[in-house]
Amino acid sequence: MWRTGATLVFGAGLGAAASRLLSAGGWREEGGADLMSRVPVIPVPGVPTVQASELQVSPGSSGAVMKYGFPSLGNIKTRESYVTSYDPLTRTASWVIERLNPASLSGLSDRKYCEFKEDDSIHVFHRATNADYKGSGFDRGHLAAAANHKWSQKAMDDTFYLSNVAPQNPHLNQNTWNNLEKLCRSLTKRYLNVYVCTGPLYLPRQEADGKLYVRYQVIGRNHVAVPTHFFKVLILEQADGKGVELRSYVLPNEPISEQVPLERFLVPIETIERMSGLLFVPNIMKRTAGGVRAIADR
DNA sequence: TTTATTGT
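Using our numbering, the letters of the first sequence map in sequence onto residues -17 to 280.
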């Protein structure tokens, strides 16, 4: 069984497909086959590539990884393998962006040389520690995945900062979430670059009194927040230079049968933007001539 | 293969 026990309810204005996908009773999709025709894989025609000189929103030297802009502008950190925004309240990242291509995926780096470590750049009041996770029942789930950065041991090491980690259901992490990470890597065979933005979500649920509450567990002495869900936004650059495509996923932080196809978790990017407080599409539109075209349920 | 934790 993979459906959520709790009822998920979102605010007005969500796309029909999204509200159907996330409707009361959990994640069972009722739209049938035509749901897929109305959801994600968004073609973005127009400018195929953007020159580095056009980058203006990038604080620091985040470079090519941030080509499509920042989802938010607080607590930005740039590491060897990713750029991230840290949320001191939850003791985990708001989002992490990485760029995958065949070069980033190949190399001799090995996670056996890596250890999860505190992020000393974060104030000790707001920092997760390994002790927080120990015995919690949750995995230290990577946001930017280690195997995405075999090109450099330093790059792989940097994914082991606990600021790039969130408490994740072990079954989810080691099965369906792992499969989603593998899918991201396999897409580098068909696309020039795969930009991946990953983060936690803390979604409201309807409780017994009929009202909506955001409720999440916290673990350890530092009260590291356990996300209710995780998102992944993929920006896929076509190799022929014709433009980019978007795909965005939301998965509940609970066991999911591997029998459930990943397509079942596709959602319109606007759904993630509303739920997360982040913005992706304005950035992408700024970076492309044609903008985001024709999403049926937008 | 990659994702991990726990115990010795």
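Positions of the beta carbon are idealized from the N, C-alpha and C atoms, including for glycine.
Problem set entry | For Arg122: DSSP bridge partner residues | Pro149
Exercise. Do Asn130 and Leu55 have their CB atoms nearer than 9 Å?
Worked result: No, these two residues do not count as a Cβ contact at 9 Å.
Exercise. Does the beta-carbon distance from Met138 to Ser63 come in below 9 Å?
Worked result: yes
Exercise. Should Asp101 and Tyr50 be called a contact, given that it needs their Cβ atoms to be closer than 9 Å?
Worked result: Taking a C-beta distance under 9 Å as the contact criterion, Asp101 and Tyr50 do not qualify as a contact pair.
Exercise. Between which two residues does the alpha helix (DSSP H) carrying Asp222 extend?
Worked result: Looking at the DSSP string, Asp222 is not in any alpha helix (DSSP H), and its letter there is neither H nor E.
Exercise. What is the DSSP secondary structure of Phe262, reduced to helix, strand or coil?
Worked result: Judged by DSSP in its simplified three-state form, Phe262 adopts coil rather than helix or strand.
Exercise. Hey, out of Glu227, Arg256 and Ile238, whose CA is closest to Met281's CA?
Worked result: Any answer about residue 281 is impossible in this case: the structure gives the chain only from -17 up to 280.
Exercise. What are the boundary residues of the alpha helix (DSSP H) that Cys179 is part of?
Worked result: Element bounds for Cys179: not the alpha helix (DSSP H) but the beta strand (DSSP E), Tyr173 to Leu183.
For this session: Measure the Cβ-Cβ separation of Val215 and Ile254 and say whether it is below 9 Å.
Result: yes
Problem set entry | Close-in-space but distant-in-sequence residues of the same chain around Pro186 (CB under 7 Å, 5 per side omitted) | Val(-9), Leu194, Tyr195 and Val196
Problem set entry | Validate contact between the segment 82 to 92 and the segment 111 to 122 using beta carbons, cut 8 Å, 3 pairs | no
Exercise. For the putative contact between Gly181 and Phe142, defined by C-beta atoms under 8 Å, what is the C-beta separation to the nearest angstrom?
Worked result: With a Cβ gap of about 18 Å, Gly181 and Phe142 do not count as contacting.
For this session: Identify whether Phe142 lies in helix, strand or coil by the three-state DSSP scheme.
Result: coil
For this session: Please report the residue range of the alpha helix (DSSP H) in which Ala113 lies.
Result: That run of the alpha helix (DSSP H) goes Asn112 to Tyr115.
Exercise. If you draw a straight line from the alpha carbon of Pro264 to that of Leu162, how long is it in whole angstroms?
Worked result: 25 Å
Exercise. Roughly how many whole angstroms lie between the Cα atoms of Gly202 and Gly225?
Worked result: 45 Å
Exercise. For Asp140, which residues from the same chain have a beta carbon less than 8 Å from its beta carbon, with the 5 sequence-adjacent residues on both sides left out?
Worked result: Arg61, Glu62, Ser63, Tyr64, His131 and Asn146
Problem set entry | C-alpha distance - Ala75 paired with His124, whole-angstrom precision | 11 Å
For this session: Measure the alpha-carbon distance for Val208 versus Val47 and round it to whole angstroms.
Result: 27 Å
Problem set entry | For Ala113 and Leu144, the rounded distance between their alpha carbons | Cα-Cα distance, rounded: 11 Å.
Exercise. Whose C-alpha, out of Thr72, Ala128 and Ile238, is nearest the C-alpha of Trp159?
Worked result: Ile238
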